[in-house]
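Numbering follows the UniProt record's numbering, in which position 306 of the sequence shown is assigned residue number 306; successive positions increment by one, without gaps.
C-beta atoms are modelled at their ideal positions from N, C-alpha and C, and glycine is treated no differently.
Bear in mind that the values here come from a model prediction, so they are computed numbers and not experimental data.
The structure appears right after this line, and notes come after that.
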Amino acid sequence: MKIGLAYDLKQSIAADPDAPADALEEYDSAETVSLISAAIEASGHSPVLLGGGKQFLLSVLREPIDFVFNIAEGRGAYRSREAQVPSVLEMLGIPYTGADPQTLSIALDKPLTKQIVQAAGVTTPAWRFFDAPGQARSADWHGFRFPAFVKPAFEGSSKGIRLTSLAADPAEVADHAEALFKNYGSPVIAEEFIDGDEVTCGIIGNIASASPPLVMPMRILPRRKDGPFIYSLEVKRDYRNLVDYEYPARLPAEVIDRIKSQALAVFRTLGCRDFTRMDFRIAADGTPHFLEVNPLPGLSLDSDLFIIATAMGWSHPMMIRSILAAAISRYPGLR
């Protein structure tokens with residue numbers, strides 16, 4: 001097949017000089033695009049680089065494409081931006097990897113995601129949502145347990161998540177929220193901080209497929225244990241020196257089972273497909289608390305999903321082939 005690759009490159013997007021340092025964090029490098037393209041070719045297909053934004057539109061209309069491997073994050077500050085490329089592909093009738101526009105739009109909205117999965121029986125920390133600067137100063141904190149973890153409500157790729165994101169009281173939440181509004185210009189969520197193990201869970205495959213999906217919880221262990229651990233952007237950028245990754249996660253079997261069960265519930269409820277990654281914190285009583293889900297996770301050599309794949313003995317091409325195979329299997333007649 002002729003498989004298009006949709007992507008957004010960091011170097012192709014002009015950053016606003018007043019934007020925060022992580023403004024382009026979600027976009028990909030040329031190295032990642034090259035690796036995925038090579039894996040597609042090694043799978044016996046012909047890769048076509050479609051790019052992102054307006055270039056994607058021009059390319060996909062010009063090139064005869066059978067299928068699209070989508071890693072494009074979308075353009076602008078819209079909470080629906082990850083749905084841009086899949087929406088165009090569905091309009092054109094072109095099959096593609098990953099979640100559909102509805103799932104991608106929901107998942108980038110953290111409060112909405114939490115409401116939906118909570119209604120499905122998934123445990124998630126209590127939260128407060130602020131959609132205007134200063135709103136946190138008059139919030140009702142009755143029943144809320146501090147410290148709070150404060151982050152942008154409509155961002156991904158750890159944008160706005162720092163080692164300083166914890167707030168000890170309502171006044172600190174308000175200070176953090178106002179700073180985030182200033183830097184990112186979008187709503188803020190504050191959730192109860194669960195001071196326990198950080199677990200990220202990758203899923204490759206589909207629930208309705210002949211073979212069950214791979215559900216892969218990995219524990220993230222800080223090398224320094226001098227306070228609450230936050231898997232922040234600073235840590236992710238220096239992960240080789242600051243954390244150890246444990247896969248399989250050495251947690252009690254019943255905790256692993258609960259993580260997997262909750263992860264599959266999130267996957268099923270939101271309609272995730274092919275490849276997904278989600279984050280949990282494990283409370284002192286062993287209860288997994290769902291934090292957020294990324295139905296369009298990074299696939300770079302430094303991504304958490306590839307770190308899990310490496311621990312499983314997979315190469316990067318093997319990971320890409322597995323995702324591609326899962327996606328193609330959803331479309332009868334494609335090979």
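Would you kindly report the start and end of the unbroken beta strand (DSSP E) that includes residue i?
| i | result |
| --- | --- |
| Arg277 | Asp274 to Ile282 |
| residue 390 | This structure gives no information on residue 390, because the portion of the chain shown stretches from 1 to 335. |
| Glu292 | Pro288 to Asn294 |
| Met218 | Leu214 to Pro222 |
| Pro152 | Ala148 to Pro152 |
| Phe129 | Trp127 to Phe130 |
| Phe67 | Phe67 to Asn70 |
Taking Cβ to Cβ, would you say residue i is nearer than 9 Å to residue j?
| i | j | result |
| --- | --- | --- |
| Ser157 | Ser329 | no |
| Tyr245 | Ile161 | no |
| Ala136 | Ala83 | no |
| Asp279 | Val199 | yes |
| Met318 | Leu305 | no |
| Phe149 | Pro125 | yes |
| Arg277 | Asn294 | yes |
| Arg281 | Ala327 | no |
| Trp127 | Ala190 | yes |
| Ala153 | Asp109 | yes |
| Lys10 | Tyr27 | yes |
| Ile256 | Ser165 | no |
| Lys159 | Asp18 | no |
| Glu192 | Phe144 | yes |
Ends of the alpha helix (DSSP H) at residue i?
| i | result |
| --- | --- |
| Tyr239 | Tyr239 to Leu242 |
| Gly53 | Gly53 to Arg62 |
| Ile106 | Pro101 to Ala107 |
| Arg258 | Ala253 to Leu270 |
| Phe306 | Asp304 to Ala311 |
| Gln11 | First-last for Gln11: undefined, no H or E at that position. |
| Ala174 | Pro170 to Tyr184 |
| Glu90 | Gln84 to Leu92 |
Quick check on residue i: does DSSP put it in helix, strand or coil?
| i | result |
| --- | --- |
| Ile36 | helix |
| Met1 | coil |
| Ile328 | helix |
| Ser46 | strand |
| Ile204 | strand |
| Val122 | coil |
| Asp18 | coil |
| Glu155 | coil |
| Ala249 | coil |
| Glu25 | coil |
| Leu299 | coil |
| residue 378 | This structure gives no information on residue 378, because the portion of the chain shown stretches from 1 to 335. |
| Leu166 | strand |
| Glu198 | strand |
Leaving aside the five residues before and after residue i along the sequence, list all residues of the same chain whose C-beta is less than 8 Å from its C-beta, in chain order.
| i | result |
| --- | --- |
| Leu50 | Gly4, Leu5, Ala6, Tyr7, Phe56, Ser59, Val60, Glu63, Ile65 and Val68 |
| Pro252 | Gly286 |
| Arg321 | Ala39, Ala42 and Ser43 |
| Ser105 | Arg79, Ser80, Glu82 and Ala83 |
| Thr113 | Ile106, Ala107, Leu270, Glu292 and Val293 |
| residue 346 | What the structure shows of the chain is the stretch from 1 to 335, and residue 346 is not part of that stretch, so it cannot be assessed. |
Using a Cβ-Cβ cut-off of 7 Å (strictly less than) and excluding sequence neighbours within five positions of residue i, which residues of its own chain qualify?
| i | result |
| --- | --- |
| Trp141 | Pro170 |
| Pro47 | Ile3, Leu5, Ser37, Ile40 and Glu41 |
| residue 340 | Lying before the first or after the last residue shown, residue 340 is absent from the chain, which here runs from 1 to 335. |
| Ala249 | Val199, Pro217, Met218, Arg219 and Ile256 |
| Val235 | Leu242 and Val243 |
Hey, is residue i's beta-carbon within less than 9 Å of any beta-carbon in chain D?
| i | result |
| --- | --- |
| Met278 | Here chain D cannot be found, since the structure has a single protein chain. |
Please work out which residues of its chain come closer than 6 Å, Cβ to Cβ, to residue i, disregarding the five sequence neighbours upstream and downstream, and give them in chain order.
| i | result |
| --- | --- |
| Met1 | His45, Asp66 and Phe67 |
| Arg79 | Leu108, Asp109 and Phe154 |
| Ala309 | Met319 |
| Pro133 | Glu178 and Phe181 |
| Pro95 | Phe67 and Tyr331 |
| Pro228 | Asp195 |
With hydrogens ignored, establish whether the beta-carbon of residue i is closer than 8 Å to any heavy atom of the ligand GTP.
| i | result |
| --- | --- |
| Glu82 | Among the ligands in the structure shown, none appear at all, so the ligand GTP cannot be discussed. |
Is the segment 167–183 touching the segment 262–277 in the sense that three or more CB pairs, one from each, lie closer than 8 Å? no
Three or more beta-carbon pairs under 8 Å between the segment 296–303 and the segment 20–32, yes or no?
yes
Notebook entry, point to check: Is it a yes or a no for the segment 187–202 touching the segment 220–232, going by three-plus beta-carbon pairs under 8 Å?
Noted result: yes
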